[in-house]
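Chemist: I have a structure I would like to understand better, so I am pasting it below and will then ask my questions one at a time.
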Amino acid sequence: MWNRAKFIFAIVTIGLCLSANPSLAQQAASQVSKAEHAHSKAQGPWWKQAVIYEIYPRSFQDSNGDGVGDINGITSRLDYLRDLGIDAIWISPMYPSPLVDFGYDISDYTAIDPLYGTLADFDRMVREAKKRNIRVIMDFVPNHTSDQHPWFAESRSSRTVPKRDWYIWRDGKGPGQPPNNWQSWFGHSAWKFDPTTNQYYYHHFYTEQPDLNWRNPQVRKAMYDAMRFWLDRGVAGFRIDAVSRLFEDPDLHDDPILPGKNAYGDPNIAHKYTDNLPEVHEVLREMRKVVNEYPGNPVLISEADEPNIAELTKMYGGKDDEVQLPMDFQIADVNKRSAPEFRRLLNEIDKNAAGGQPHYFFSNHDQVRQWDRYGDGVHNDQIAKLMAALLLTTRATPLMYYGEEIGMRTTDPVRKEDVQDPIGKIGWPEEKGRDGERTPMQWDASKNAGFSAAQRPWLPVPPSSTEYNVKAESKDPNSILSFYKRLLALRQSEPALRDGLYLPLIGEDPYVLAYLRKKPNNSDVILVVLNMSAEPRTVKFDLAAEGIGDSSAKPLIASPEMGHDSTLLSHFTIPEFGVFIGSVHCVLAP
Ligand code: GLC
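Okay, so the sequence shown: first residue is 5 according to our numbering, each after it adds one.
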């Protein structure tokens with residue numbers, strides 16, 4: 005507790021610091037009202053402040069013992085998500101589907117697959133989530149339907165039916181020859197011959213996923229109506245799947261061949277004529293208009309594996325009229341602990357010409373999990389915390405993937421016959437598919453890690469679940485889960501972390517990534533220092549340019565070796581793979 009004498013002394017000393025650094029005046033005042041601040045109303049739309057969490061519904065929680073996760077399972081775990089500090093969940097597709105691509109092959113856009121429950125279960129989940137201030141974001145798959153969708157059944161039935169033009173049909177080049185050399189993302193030709201009408205249809209992904217023809221206005225209308233169906237049920241927006249693949253060159257130019265072969269044994273190819281065609285933006289603008297018809301700022305998130313930040317920036321639209329949150333695969337796929345590379349990308353996207361909100365993630369249902377991808381095989385748990393700190397302290401809307409908060413690792417099948425994901429079957433053994441990152445959530449150390457009462461869940465529970473699970477980690481203050489909880493709570497309580505500016509520091513350092521997060525008037529200043537290397541590092545920060553003079557930083561969350569005392573910014577040592585998040589303040593004379 006402050007006594008009166010100490011208070012007067014502090015005021016005088018702060019005054020001295022302030023004469024050199026006037027902007028710290030507001031900082032002193034704000035110390036007093038920190039608590040008030042923390043609870044002050046967030047600025048801007050909710051998705052700028054939110055932490056989003058992806059749920060792969062097959063693997064989150066099984067409520068009926070069939071070995072597959074479901075909607076009621078998700079509802080039963082909403083308290084966990086609320087306590088973790090999650091603001092919105094994006095749920096991978098739960099629509100009726102033959103499940104060739106585990107839900108990304110949809111046969112009805114306005115229903116729920118009975119495997120996951122009913123529309124009533126869905127409505128209850130949305131209601132229960134709302135009670136906990138959690139929004140629900142649907143996955144939306146506009147590029148293709150399932151080949152079992154009634155639209156495709158009609159389209160393939162004859163060359164003259166009204167829905168023929170809803171998909172991409174072309175003649176072959178000659179007998180047994182597809183129209184051109186375009187390749188499926190999942191291996192081999194992107195054209196499939198259909199004997200009923202003696203034409204080929206185009207599929208960017210599996211043959212069972214025919215591409216819709218987005219040049220047809222009826223297709224657009226049907227898809228926008230499907231979006232409205234879910235918005236009417238209270239969803240907070242959509243994650244739009246594979247959005248850059250919506251259009252193909254109408255003249256069917258061959259794609260350029262590149263050297264070498266891919267995991268499926270096909271020649272490497274540049275998807276020049278099937279990816280990122282300019283008309284994509286027209287559709288995104290129309291989708292944005294659809295969500296804008298609804299109150300509450302519904303969000304559009306795009307799966308945008310764009311080749312560079314300039315392309316990614318286009319996703320925001322010229323007038324903030326496309327996607328609010330394009331997923332940034334550049335950051336996700338740095339794939340090495342490189343401070344310079346992260347610094348370069350963070351700086352670039354932070355200054356994106358559209359002024360758009362960055363949207364970062366490291367793991368999802370298509371990517372090897374971050375625990376493995378960024379780990380060095382020895383310090384993986386510490387590195388998992390380092391990556392968590394990066395994700396949750398930069399200026400961005402962070403996107404987590406279920407289980408990353410407990411350090412779930414990728415657990416690939418060991419035998420081809422156990423593989424579920426078809427690309428693992430096509431590409432085995434080089435491409436083992438995506439089962440490894442979709443294994444059941446690890447809730448506790450009981451049978452099937454508390455995920456399911458079934459004899460055999462749809463994918464095996466990783467052996468690491470005995471140690472890495474929610475129950476065990478909740479009791480351990482040093483666990484990855486406890487670290488995530490502290491980070492998420494800090495993000496909530498520190499306005500600078502939530503929506504402050506991002507200012508990169510020590511521009512050239514090869515090992516240490518450091519930045520300030522601060523409110524414009526320096527009223528809250530947070531320093532983040534992340535050591536990406538396996539050696540302790542000493543760095544020096546000079547914050548004079550920011551109006552902050554001789555200063556130190558007090559840890560809010562830091563690697564245990566750093567203790568609880570303030571650290572001088574002129575000589576700042578951070579342990580191997582260390583994390584420091586601290587509030588910057590003026591040094592008080594002893
Ligand atoms: C997206 C999904 C992926 C799916 C593909 C085809 O990339 O994330 O899981 O297989 O689209 O729909």
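Glycine included, C-beta positions come from ideal geometry on N, C-alpha and C.
Being a predicted model, the structure only gives us computed values, none of them experimental.
(1) Return helix, strand or coil for GLY264, following the three-state DSSP convention.
(2) I want to check one thing, is the minimum distance from the CB of TYR108 to the heavy atoms of the ligand GLC below 6 Å?
(3) If I'm right that ILE305 touches MET331 with Cβ under 8 Å, what's the distance once you round it to whole angstroms?
(4) Name the residue from LYS420, ARG292, GLY180 whose alpha carbon lies nearest to the alpha carbon of GLY322.
(5) Considering only DSSP beta bridges, list what ASN137 is partnered with.
(6) Shortest alpha-carbon distance to PHE365 belongs to which of LEU396, ARG174, ILE387?
(7) Tell me the DSSP secondary structure of GLN203 in three-state form.
(8) Find out if the Cβ-Cβ distance for the pair LEU531, ALA557 is shorter than 7 Å.
(9) Does the Cβ of PHE209 lie closer than 6 Å to at least one heavy atom of the ligand GLC?
(10) Where do the N-terminal and C-terminal ends of the beta strand (DSSP E) with SER556 fall, by residue?
(11) Considering only the alpha carbon of each residue, which of VAL372, GLY411, ARG399, GLY407 lies closest to ILE387?
(12) If HIS148 sits next to PRO199, beta carbons under 8 Å apart, how far is it from one beta carbon to the other, in whole angstroms?
(13) In the DSSP assignment, find the unbroken alpha helix (DSSP H) run with ASP627 in it and report its ends.
(14) Could you give the C-beta distance for GLU286 and ALA246, rounded to a whole number, given that I count them as a contact under 8 Å?
(15) Do the region 227-234 and the region 180-200 touch if we need at least three Cβ pairs shorter than 8 Å?
(16) What residue from TRP170, PRO311, LEU123 has the CA that sits closest to VAL239's CA?
(17) Please report the distance separating the alpha-carbon of GLY381 from that of ASP258.
(18) Just how far apart, CA to CA, sit GLU89 and ILE273?
(19) Does ASN296 pass the burial test, meaning 16 or more other C-beta atoms within 10 Å, or should it be called exposed?
(20) Per the contact definition of three or more C-beta pairs closer than 8 Å, is the region 205-224 in contact with the region 164-184?
(21) Assuming SER486 contacts TYR515 (C-beta within less than 8 Å), just tell me the rounded distance between them.
(22) Buried or exposed: which applies to SER574, given that a residue is buried once 16 or more other Cβ atoms fall within 10 Å of its Cβ?
(23) If contacts are defined as beta-carbon pairs under 8 Å, then SER150 and ASP109 qualify, I think. What distance do you get, rounded to the angstrom?
(24) Roughly how many angstroms lie between the CA atoms of MET319 and PRO402, to the nearest whole one?
(25) Leaving aside the five residues before and after ASN280 along the sequence, list all residues of the same chain whose C-beta is less than 6 Å from its C-beta, in chain order.
(26) How long is the line joining the alpha carbons of ILE261 and GLU408, rounded to whole angstroms?
(27) Following a CB-centred definition, is ASP105 positioned closer than 6 Å to any heavy atom of the ligand GLC?
(28) For the pair the region 441-448 and the region 109-119, tell me if three or more CB-CB distances fall below 8 Å.
(29) Could you say which of SER367, PHE242, HIS208, GLU310 lies nearest to ASP105 if we only look at CA atoms?
(30) Spatial neighbours of GLY191 within its chain, please: C-beta separation below 6 Å, excluding the five flanking residues on both sides.
(31) With hydrogens ignored, establish whether the beta-carbon of ALA194 is closer than 6 Å to any heavy atom of the ligand GLC.
(32) If you draw a straight line from the C-alpha of TYR84 to the C-alpha of LEU256, how long is it?
(33) Under the three-state reduction of DSSP, which class applies to ASP127: helix, strand or coil?
(34) Taking the alpha carbon of TRP50 as the reference point, which residue from PRO508, LEU560, VAL140, GLY264 has its own alpha carbon closest?
(35) Taking just the CA atoms, how far does ASP370 sit from SER563?
(36) Between the alpha carbons of GLU326 and ARG541, how many angstroms are there, rounded?
Modeler: Put simply:
(1) strand
(2) yes
(3) 6 Å
(4) ARG292
(5) In DSSP, ASN137 forms no bridge with anything.
(6) LEU396
(7) strand
(8) yes
(9) yes
(10) 555-562
(11) GLY411
(12) HIS148 to PRO199, Cβ: 21 Å. No contact.
(13) The question about residue 627 has no answer, for the chain in this structure spans 5 to 594.
(14) That pair is no contact at about 17 Å.
(15) no
(16) That would be LEU123, whose Cα lies nearest to the Cα of VAL239.
(17) 43 Å
(18) The question names Glu, but residue 89 is Gly in the sequence shown. Going from the Cα of GLY89 to the Cα of ILE273 covers about 43 Å.
(19) exposed
(20) yes
(21) That belief does not hold up - the Cβ atoms of SER486 and TYR515 are roughly 26 Å apart, past 8 Å.
(22) exposed
(23) Correct: roughly 4 Å between the Cβ atoms.
(24) When rounded, the distance between both Cα atoms is 18 Å.
(25) Excluding its 5 nearest sequence neighbours in each direction, ASN280 has C-beta neighbours in its own chain below 6 Å: SER248, listed in chain order.
(26) 37 Å
(27) yes
(28) no
(29) Of the candidates SER367, PHE242, HIS208, GLU310, HIS208 places its Cα closest to the Cα of ASP105.
(30) TYR268, ILE430
(31) no
(32) Roughly 50 Å separates the two Cα atoms.
(33) When DSSP states are grouped into helix, strand and coil, ASP127 belongs to the helix group.
(34) Out of PRO508, LEU560, VAL140, GLY264, VAL140 has the C-alpha closest to the C-alpha of TRP50.
(35) 31 Å
(36) 43 Å
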